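The structure appears right after this line, and notes come after that.
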Amino acid sequence: MAKLKIITGEGNRILRARSKEVVKFDKDLQKFAKDLIDTMKAAKGLGIAAPQVGKNVRIFIATLGYKTGRGKATTERCSVVAMVNPVIVSHGADTEIDEEGCLSLPGQYGKVERFLEVKIKFFDLEGQKQVLELNGLDARVVQHELDHINGVLFVDRIKEMEHFQTGLLKQMNKI
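For the sequence shown, our numbering gives the first residue as 6, with consecutive numbering after it.
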């Protein structure tokens, strides 16, 4: 179980660079994906992208099927999916503004507008083409992670700064 170091900071050049396409689907890619998964789980994230651990390649991990209810979150029926060279090929017309955070921007949260439905094409770790139609939180997670491999952070998508909070401010607002 290899836990990689998560890169932090809004101005970090690695986080701001567009990642290169993956061309080799080999054991190294599979090991890297496993390390990403271990890192994401250790950090209690729903997704993680290669740039967040210092590699500018087009791969991210997304936890799909995450549900909350009755004050508890559950990962019982979740699947963790590695998406290589992903592209959103279509999306629904409806959007939703909801709160996001990021492992690379600890303690920062903001309300971001995202499409409620997306159709994403990607390759799995064996190089096989896959297509998924996602909605709700699953669609939000893949859009957030896709932004990472394009050098975009969620704070870039906050339209009104009143929708931005640091962890301390968020805690104070709950009092």
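Where is the CB? At the ideal position from N, CA and C, for every residue including glycine.
This structure is a prediction, so every number in the text was calculated from the model and none was measured.
Name the DSSP bridge partner or partners of Gly52?
-> According to the DSSP secondary-structure assignment, Gly52 is paired through a beta bridge with Ala67.
Would you mind reading off the limits of the alpha helix (DSSP H) that contains Phe37?
-> Its alpha helix (DSSP H) spans residues Lys32 to Ala47.
Assigned secondary structure, Lys175 (DSSP; H/G/I helix, E/B strand, else coil) = Model confidence at Lys175 stands at a pLDDT of 49, short of 50, so the residue's coordinates are unreliable and nothing is read from them.
Per DSSP, the bridge partner or partners of Glu101 | Arg119
Please state if the CB of Glu138 and the CB of Val1 are separated by a distance shorter than 9 Å.
-> The chain is shown from 6 up to 180; residue 1 falls before or after that span and cannot be answered.
Around the Cβ of Ser24, are there at least 16 other Cβ atoms within 10 angstroms (buried) or fewer (exposed)?
-> buried
How is the beta strand (DSSP E) around Leu137 delimited, first residue to last?
-> Lys134 to Asn140
Consult DSSP for Ile92 and reduce its assignment to one of helix, strand or coil.
-> Going by the sequence as given, residue 92 is Val instead of Ile. The answer is strand: DSSP assigns Val92 an E or B state.
In whole angstroms, what is the alpha-carbon distance linking Val136 and Lys164?
-> 30 Å
For Leu34, which residues of its own chain have a beta-carbon under 8 Å away from its beta-carbon, when the five flanking residues on both sides are left out?
-> Result list for Leu34: Val27, Ile64, Val89 and Leu130, in chain order.
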